[in-house]
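Taking it in order: structure first as structure tokens, then the write-up.
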Amino acid sequence: MPPLSRRFLATAAGCLLAGIGLGFVMLLQREFGGHGSGPLVVSAHTHLILVGAMLEAIVGTALWLFPRPVRGQWQAPPWLGELAWATLTVGTVMRAIAEILHGSHDGGIVRIAIAAGAGLQVVGVVTAVIVLQPRVRASVTRPGPA
1 MPPLSRRFLA
11 TAAGCLLAGI
21 GLGFVMLLQR
31 EFGGHGSGPL
41 VVSAHTHLIL
51 VGAMLEAIVG
61 TALWLFPRPV
71 RGQWQAPPWL
81 GELAWATLTV
91 GTVMRAIAEI
101 LHGSHDGGIV
111 RIAIAAGAGL
121 QVVGVVTAVI
131 VLQPRVRASV
141 TRPGPA
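Mapping of the sequence shown onto my numbering: position 46 corresponds to residue 46, and the numbering continues sequentially without gaps.
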């Protein structure tokens, strides 16, 4: 398995654990704290699970299993895959932390961090699509024995 795929999958596992942990805290607050979680905490939980865990697992698996581009076809440079991982990971973590802190720190810096995290997520998704695009192609039929 390529190191970048391993990194995507390890990050997905970490985000899944963080998202499940946050979900458990949300459940405890609802059942024993007398109040549910606000929409920003729900958003942080959702982004950790869907973007951090699911999307990173999908990209990591696709980089591992999808065939490399055929010779002569454009292939994304390795740094572009690293950029996809970094921006997707940093953006998701930044957004989740800022959304959790938003309730207790209603300052402009938290709002900027949420927006910056979302922007990094967009860059990460677009970059991942660019990296994976050459690997998504019609199957090549090879002539079989006559």
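Each residue gets a CB set at the ideal place from its N, CA and C atoms; glycine is no exception.
In this text, all values refer to a predicted model and were calculated from it rather than measured experimentally.
Neighbourhood of residue i by C-beta distance below 6 Å, restricted to the same chain and skipping five residues each side
i, result
"Val131", "Ala76, Leu80, Gly81 and Ala84"
"Met1", "Trp64"
Separation of residue j from residue i, as counted between CA atoms
i, j, result
"Ala62", "Gln133", "10 Å"
"Glu31", "Ser37", "11 Å"
"Ala12", "Met94", "15 Å"
"Leu4", "Glu56", "11 Å"
Residue i (DSSP reduced to helix, strand or coil)
i, result
"Phe8", "helix"
"Arg137", "coil"
"Gly33", "coil"
"Arg95", "helix"
"Pro3", "helix"
Extent of the continuous alpha helix (DSSP H) to which residue i belongs
i, result
"Trp64", "Glu56 to Leu65"
"Val70", "That residue, Val70, is in no alpha helix (DSSP H); it is neither H nor E in DSSP."
"Ala118", "Gly108 to Leu132"
Proximal residues to residue i (C-beta, below 7 Å), its chain only, five neighbours per side dropped
i, result
"Gly124", "Ala84, Thr87, Leu88 and Gly91"
"His45", "Gly19, Leu22, Gly23 and Met26"
C-beta contact flag for residue i and residue j at 8 Å
i, j, result
"Gly103", "Leu40", "yes"
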